[in-house]
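**Q** Just passing along the structure, written as structure tokens.
There are 2 protein chains.
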Amino acid sequence: MRLAQALFAPRAVALIGASGDPGKNTARPQRYLRKHGYAGRIVPINATRDEVLGERAYRRLADVPGEIDHAFIMVEDVEAALEDCARKGVAVASIYANGFADAGVAGAEREKRLAERARALGVRLLGPNSMGVIDLPGRLALTVNAVLEADALPAGRTSLVSQSGTMLGTLLSRGAARGLGYAKLISVGNEADLGVGELVELLVDDAATRVIALFLETVRDAERLARAARSAHAAGKAIVAYKLGRSALGVELARSHTGALAGSDAALDAFFRDCGIVRVDMLESLIEIPPLLAGRQPRVLGRTPKVAVVTTTGGGAAAVVDRLGLHGIELAGMHDLTMAGNAQGYRATLEQLLASADCDAVLAAVGSSAQFHPEFAVEPIVSARRTEKPLVAFLTPHAEESLQVLAGQGVPAFRTPEACADALAAFFAWRAPREFGDGARTDSLIWQMRVPDLVRAPSPNWFAVLAALGIPVVEQAIVQAPGFVHAVPYPVALKRLGVAHKTEQGGVALDIRDAAELAQHARRMGDERLLVQRMEHGLAEAIVGYRDDPVVGPLVLVGAGGTLAELYQDVAVALAPVSEAEALAMIERVKGLAIVRGYRNLPRGDVAALARAVAALSRLALVPGRPLREAEANPVIVKREGVVAVDALMALKE
Amino acid sequence: MRLAQALFAPRAVALIGASGDPGKNTARPQRYLRKHGYAGRIVPINATRDEVLGERAYRRLADVPGEIDHAFIMVEDVEAALEDCARKGVAVASIYANGFADAGVAGAEREKRLAERARALGVRLLGPNSMGVIDLPGRLALTVNAVLEADALPAGRTSLVSQSGTMLGTLLSRGAARGLGYAKLISVGNEADLGVGELVELLVDDAATRVIALFLETVRDAERLARAARSAHAAGKAIVAYKLGRSALGVELARSHTGALAGSDAALDAFFRDCGIVRVDMLESLIEIPPLLAGRQPRVLGRTPKVAVVTTTGGGAAAVVDRLGLHGIELAGMHDLTMAGNAQGYRATLEQLLASADCDAVLAAVGSSAQFHPEFAVEPIVSARRTEKPLVAFLTPHAEESLQVLAGQGVPAFRTPEACADALAAFFAWRAPREFGDGARTDSLIWQMRVPDLVRAPSPNWFAVLAALGIPVVEQAIVQAPGFVHAVPYPVALKRLGVAHKTEQGGVALDIRDAAELAQHARRMGDERLLVQRMEHGLAEAIVGYRDDPVVGPLVLVGAGGTLAELYQDVAVALAPVSEAEALAMIERVKGLAIVRGYRNLPRGDVAALARAVAALSRLALVPGRPLREAEANPVIVKREGVVAVDALMALKE
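Sequence order for the protein chains is L and B. Mapped onto the numbering used here, the consecutive letters of the first sequence carry residue numbers 1 to 654. Mapped onto the numbering used here, the consecutive letters of the second sequence carry residue numbers 1001 to 1654.
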């Protein structure tokens, strides 16, 4: 409790390095705290002055009488300032300076030392490279962010944790322009100590916060954030994230396909989904979605979501509906009304739809009246009796005033058709955090002991690992020159050992009918030892993969097999382990596996067996020590009955 | 010339059905014309009054002294008003009334009669269901659109043709709020007479128009629009379109795969691209892109476009760059500068990048200074020496004033990272209109005569049509029970005749090794007549299709073959005919065909032969009378050398 208070509601703040030149960034916190009416004590610390911007200043923190809860360190010598803070009993220090993990290897080392020292001293750190903390209802503007130049900023019940200091200002500024206010805003900087996860924990306990918004560039503390997300869900608070890096190419040169397919953004997508964190795709959705999430719980519809539309502007409504269609959301009906002289009827239609079982959300699209008659235009929307079902508004013209009226009444309203559709799609994709572990408990635990031994063998047999996990593997044998003798029934396949991308390298021969043919192929391949496998035919090929992601931890992946599927990046990813039911739901999301789910008149494959294999591989997440970095069964042949893995590839952690 | 003048710059307008109640929609044109300073003569026509809103009114158009160039018909009895207009020698009548093609079959009939009568009378029509015409520099506000309630609207050099009357107001209103003005704005309504194509022609000739923006729900006059687009290109004027209906499910139950794959939006996409029309994906891009297009020509880079970024806000720039990456655009470098005290350096960096050969556009991302110091923040951007290379701005905070300064100086500026990336992507995808016909001229024209006979045969042989076009077809024969005799060398495939989706129906047997095996399969299939084909093996399967689209005309399609490709909708579509070079460029756009273009160590397929087949099928567009609705070679086997079509399906027009 002391942490939250020192961070968000300090009774006294020290501004270490406060400048007397009002044009300087380092003068801002003092100016902003005063401007926005901070009620606590402000203590500028300046090495050469006894007065700063008309207020009593001190040369050293040690000279300050009384207690200081929170220090904002704006000097270069952060290390010395930290020692001063510790001596003074300061609970939290926010650090503006950069030159730490943001500045190469030496900076990262410096940051590590700083964090260790702070831990030893018992001082909590925000930053370094943080723009500070804002609490609008509490009138705390302990920040260098220029957005505080604004005379008044609306307070709201959304709190923001941002890895970008400048974007914190952007979101605050854009929200304010249309009446969407914030409660607390925290610029986390490099997260040397206080990270996104812990801040979310604090916000879960914060009575002023109803929705938690995250602007992310990466995730540094996935485990803690995952726990915090579960607490948020339990407390009835929604979390929504906008994350950069969706298009970043996977830089890691992955040895297996799984590495490339479960690229970092897909991994984070799985992470957000499985943690119950709503993910938006557009910047303004992050600002506009909170009223849609506030007070609502994620729910599973079990069918395609349907949105009913009430509109005075056909074209404007169509712009949203068209976009909803791209997200796979259906139209439940379009009601074209004129607002003029018919506010009653308009409201009645809204209420009727909100009460109806035929749609899952109601969209009111308002035309030019929103610009010229704000109160009148949005009155029926604002006054409609609310239900659990969302009622959202899209205003087609430039209509800031109408947007403000709607924001003031807590009605989710959107400035662009794209953000409106993005937010509704994110809302419908929202799921409660997944509970883990059930899949493992129902299963024998023998493999948990066997797998570590198998993978640590001098030259491990990856097929044996699959088999130990409970995944059917093809009947096979290793053959030796010159006889290439084996007992696998013909027809067989012959493969070179330890060669990646065998097919493209001429390292595979299929449909070998007899020993003579086998010998011929074996001689061509030229190796002393080769792998013979029973020739398997099925209805489709799948890839089943596992990856211990450095950011979000163990993941499991299923996709359509073969080169085409790789080209289309057609895979579903989830945090591991998954149960068989969860694996089935993943398989449903893979387009290319439609061919075994009952497509046209194609025969159905054993999707349940595939799901068992996915769940089985995902249990690598439960192996003590998690020795594997990646594991892959590829292809897995999906048959009418059963599946069988015909190739396996794994990589140990370095 | 008379048409453009009567439409946009009438010396006198008659308002037929003008209301004396200023609250009514039908009073608006008179109010707006006065409010916005129309200099011509305004003549209200009202059946019961001699004065309307303080101006001399007439009971009947016939009573009006002097000439009337343009009448705005707001009465229900449009037909009678049209006769009055004709008698009065009115050149253009804009019709507000709806109840025509917008209202079912009877309405469509009424519209047809109205258009025919207008043609006979020599009166040109805008509408019905039109909200009228606006010419901002000319101060003509002949419209019922409430956006004209605004006191002042900025004039610009972008003209808008809109199929949605309300969205015309939306675009005008949103543009005005940030200083992006328009020249002419036309609400085309149902296009009974004057259509989008003809209006674009008028705007190509309009000296006040530099960029033509289209808000489309459909395309009703593809051929004329295509011609107009070519004229616009020749005149150095860009056309940009936003079109609804991207997500509409193809309603037509197409007999072939091509019908479904070349769904109407893909067809329009091909149409826009091949006509040199820029297509934007987001509503605000339509407003914001014109300064990016004005005075520029489409060009082919021949490599991935690269954008250099100069920024004062890392997070804001990253939001755009991330999105650009999703569009396949690369970052040429990120220059993180502070604006403070360094406007000179900022401008120098911009100018250096604009002159550099290492990037194709420069993006300036501006942070909070754009909100609080507009002139200062955008000064270096506005004053940087312009080159051919685009310089665009993205402002992260709410910064309407800065946006207005940029708009005033013609600098493309964007309010959201998504619209910024969308516009840049659309700009880089922009191509000059394609020239047609070369592909045909280089080829023998014999097939032009043979194909009509072949397709009109009592039971046409689609393989023969393919062969006539110059597409290699598999060696084959029709066999008869009970002997099933043929001369095709084994191994062969056996197929049932006239069955769609044969594979899924058990209507195909592959790799038949001898006559005995053949007879066995033939008996199982049970038909009297069956098709035997030489068994072909290749590196990949492709689909090559043709479709005479009811909206945009003949299209050609190429995609990866097989069920998977169908699931992924992985096809490239272009207006037909295409040359071999154009077909090659289409093949490049198909992800799944990467496997024959040189992927990893996979052997290369004969992509040139596939391109020849695509170009050949596309020549169906040149067959006199265009008897075919759809044609498809699927699969086409792509071999190391050559391609071969092993199935063909065609459908005649009804």
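Glycine included, C-beta positions come from ideal geometry on N, C-alpha and C. In this text, all values refer to a predicted model and were calculated from it rather than measured experimentally.
(1) Per DSSP, what kind of secondary structure is B/Gly1245 in: helix, strand or coil?
(2) List, from N- to C-terminal side, the alpha helix (DSSP H) runs of 4 residues or more that fit wholly inside the stretch 1133-1214 of chain B.
(3) Under three-state DSSP, which class holds L/Glu55?
(4) So which of L/Ala241, L/Thr311, L/Asp265 and L/Thr304 has the shortest CA-CA distance to L/Glu284?
(5) If you run the structure through DSSP and keep just helix, strand and coil, what is B/Met1650?
(6) Is the shortest distance between the beta-carbon of B/Gly1315 and the beta-carbons of chain L less than 7 Å?
(7) Which of helix, strand or coil does DSSP assign to L/Arg11?
(8) Between the C-alpha atoms of B/Leu1015 and B/Gly1089, what's the straight-line distance to the nearest angstrom?
(9) One question on the structure: do L/Thr312 and L/Val392 come within less than 7 Å of each other, judged by their Cβ atoms?
(10) Within this structure, are the beta carbons of B/Ala1155 and B/Leu1148 separated by less than 7 Å?
(11) Using Cβ-Cβ distances below 9 Å, what residues of the stretch 159-170 of chain L are close to chain B?
(12) Take every Cβ of the stretch 407-422 of chain L, pair it with every Cβ of the stretch 378-393 of chain L, and state whether three or more of those distances are shorter than 8 Å.
(13) List the residues of chain B whose Cβ lies closer than 8 Å to the Cβ of L/Met449, in chain order.
(14) In whole angstroms, what separates the C-alpha of B/Gly1592 from that of B/Leu1567?
(15) In whole angstroms, what separates the C-alpha of B/Asp1135 from that of L/Ala319?
(16) Keeping to the same chain, check which residues put their C-beta closer than 7 Å to that of L/Met535; ignore five residues upstream and five downstream.
(17) Over what stretch of residues does the beta strand (DSSP E) that includes L/Arg529 continue unbroken?
(18) My parser needs the beta strand (DSSP E) runs of 3 or more residues fully inside the stretch 1028-1088 of chain B; what are they?
(19) Sort L/Arg34, L/Arg124, L/Ala176 and L/Val552 by Cα distance to L/Gln5 and report the nearest one.
(20) Can you list, in chain order, the stretches of the alpha helix (DSSP H) that have 4 or more residues and sit fully within the stretch 1348-1429 of chain B?
(21) Quick one: list the residues of chain L neighbouring B/Ala1097, beta-carbon separation under 9 Å, in chain order.
(22) Are at least three pairs of beta-carbons, each pair with one atom in the stretch 1596-1603 of chain B and one in the stretch 1293-1301 of chain B, less than 8 Å apart?
(23) Are at least three pairs of beta-carbons, each pair with one atom in the stretch 224-235 of chain L and one in the stretch 195-212 of chain L, less than 8 Å apart?
(24) What's the call for L/Glu630, buried or exposed, on a 16-neighbour Cβ count within 10 Å?
(25) Taking the alpha helix (DSSP H) that B/Gln1520 belongs to, which residues open and close that run?
(26) Considering only residues of the same chain and omitting the five flanking positions on each side of B/Asp1063, which have a CB-CB separation below 7 Å?
(27) Taking the alpha-carbon of B/Val1614 as reference, which of B/Ala1357, B/Val1556, B/Trp1430 and B/Arg1060 has the nearest alpha-carbon?
(28) Compare the C-alpha of L/Thr349 against each of L/Val309, L/Met586 and L/Gly40 and name the closest.
(29) Kindly list the residues whose CB is nearer than 6 Å to the CB of B/Pro1380, restricted to its own chain and excluding five residues on each side of it in sequence; keep chain order.
(30) In this structure, what does DSSP give as the bridge partners for B/Arg1124?
(31) Short check: CB of L/Ala407 to CB of L/Gly179, under 7 Å?
(32) Does any C-beta atom of chain B lie closer than 7 Å to the C-beta of L/Glu252?
(33) Closer than 7 Å, CB to CB, is L/Gln5 near chain B or not?
(34) Smallest Cα separation from B/Glu1076: which of B/Glu1055, B/Glu1051 and B/Asn1129?
(35) Looking at the unbroken beta strand (DSSP E) that takes in L/Ile637, where does it start and where does it end?
(36) Is the beta carbon of B/Gly1562 closer than 7 Å to that of B/Glu1588?
**A** Let me lay it out:
(1) Looking up residue 1245 of chain B in the second sequence gives position 245. Three-state result, B/Gly1245: coil.
(2) 1165-1177 and 1196-1204
(3) Against the first sequence, residue 55 of chain L aligns to sequence position 55. Residue state, collapsed to three classes: strand.
(4) Looking up residue 284 of chain L in the first sequence gives position 284. Closest by alpha carbon: L/Ala241.
(5) Taking the first residue of the second sequence as 1, we reach residue 1650 of chain B at position 650. If DSSP states are grouped into helix, strand and coil, B/Met1650 belongs with the strands.
(6) The sequence position of residue 1315 of chain B within the second sequence is 315, counting from 1. Yes - at least one Cβ of chain L is within 7 Å of the one on B/Gly1315.
(7) Walking along the first sequence from the start, residue 11 of chain L turns up at place 11. If DSSP states are grouped into helix, strand and coil, L/Arg11 belongs with coil.
(8) Along the second sequence, read from residue 1 onward, the residue named residue 1015 of chain B stands at position 15. Along the second sequence, read from residue 1 onward, the residue named residue 1089 of chain B stands at position 89. Taking the straight line joining both Cα atoms gives about 15 Å.
(9) Taking the first residue of the first sequence as position 1, residue 312 of chain L is located at position 312. Taking the first residue of the first sequence as position 1, residue 392 of chain L is located at position 392. No, the pair does not count as a contact, with Cβ atoms beyond the cut-off.
(10) Counted from its first residue, the second sequence places residue 1155 of chain B at position 155. Counted from its first residue, the second sequence places residue 1148 of chain B at position 148. In this structure, B/Leu1148 does not lie closer than 7 Å to B/Ala1155 by Cβ.
(11) Ser162, Gln163, Ser164, Gly165, Thr166, Met167, Leu168, Gly169 and Thr170
(12) yes
(13) In the first sequence, counting from the first residue as 1, residue 449 of chain L sits at position 449. Here the premise fails: no neighbours, minimum Cβ distance about 39 Å.
(14) One-based indexing of the second sequence puts residue 1592 of chain B at position 592. One-based indexing of the second sequence puts residue 1567 of chain B at position 567. Going from the Cα of B/Gly1592 to the Cα of B/Leu1567 covers about 12 Å.
(15) Position 135 of the second sequence holds residue 1135 of chain B. Position 319 of the first sequence holds residue 319 of chain L. Looking at the two C-alpha atoms, the distance is approximately 25 Å.
(16) Looking up residue 535 of chain L in the first sequence gives position 535. Correct list, in chain order: Pro491, Val492, Ala493, Leu510 and Asp511.
(17) If you number the first sequence from 1, residue 529 of chain L lands on position 529. Start and end: Arg529 to Arg534.
(18) 1041-1045 and 1070-1073
(19) For the purposes of this step, residue 5 of chain L is identified with residue 5 of the first sequence, where counting begins at 1. The candidate whose alpha carbon is nearest that of L/Gln5 is L/Arg124.
(20) 1369-1372, 1374-1383, 1400-1408 and 1417-1429
(21) Start at 1 with the first residue of the second sequence, and residue 1097 of chain B comes out as number 97. The contacting residues do not exist; B/Ala1097 stays about 15 Å from chain L at best.
(22) no
(23) yes
(24) Within the first sequence, the letter at position 630 stands for residue 630 of chain L. Buried, because 16 or more other Cβ atoms sit within 10 Å of the Cβ of L/Glu630.
(25) Reading the second sequence from its first residue, position 520 is the one you call residue 1520 of chain B. Note, B/Gln1520: alpha helix (DSSP H), Ala1515 to Met1525.
(26) By 1-based counting over the second sequence, the position of residue 1063 of chain B is 63. Nothing listed; no residue qualifies.
(27) Along the second sequence, read from residue 1 onward, the residue named residue 1614 of chain B stands at position 614. It is B/Val1556.
(28) Taking the first residue of the first sequence as 1, we reach residue 349 of chain L at position 349. Nearest C-alpha to L/Thr349: L/Val309.
(29) Within the second sequence, the letter at position 380 stands for residue 1380 of chain B. The residues are Ala1343, Tyr1346 and Arg1347.
(30) As a first step, residue 1124 of chain B must be located in the second sequence, where it is residue number 124. B/Arg1124 pairs with B/Val1092.
(31) Within the first sequence, the letter at position 407 stands for residue 407 of chain L. Within the first sequence, the letter at position 179 stands for residue 179 of chain L. In this structure, L/Gly179 lies closer than 7 Å to L/Ala407 by Cβ.
(32) The residue labelled residue 252 of chain L in the question sits at position 252 within the first sequence. Low confidence applies here, because L/Glu252 scores a pLDDT of 35, under 50, leaving its location unreliable; read the following figure in that light. Chain B, which has no Cβ nearer than 7 Å to the Cβ of L/Glu252, makes this no.
(33) Here residue 5 of chain L is taken as the residue at index 5 of the first sequence, counted from 1. For L/Gln5, the answer is no, since every Cβ of chain B falls outside 7 Å of its Cβ.
(34) Here residue 1076 of chain B corresponds to residue number 76 of the second sequence, with the count starting at 1. B/Glu1076 has its Cα closest to that of B/Asn1129, out of B/Glu1055, B/Glu1051 and B/Asn1129.
(35) Along the first sequence, one-based indexing puts residue 637 of chain L at 637. Element bounds for L/Ile637: Leu628 to Val638.
(36) As a position in the second sequence, residue 1588 of chain B is number 588, starting the count at 1. As a position in the second sequence, residue 1562 of chain B is number 562, starting the count at 1. Contact: no.
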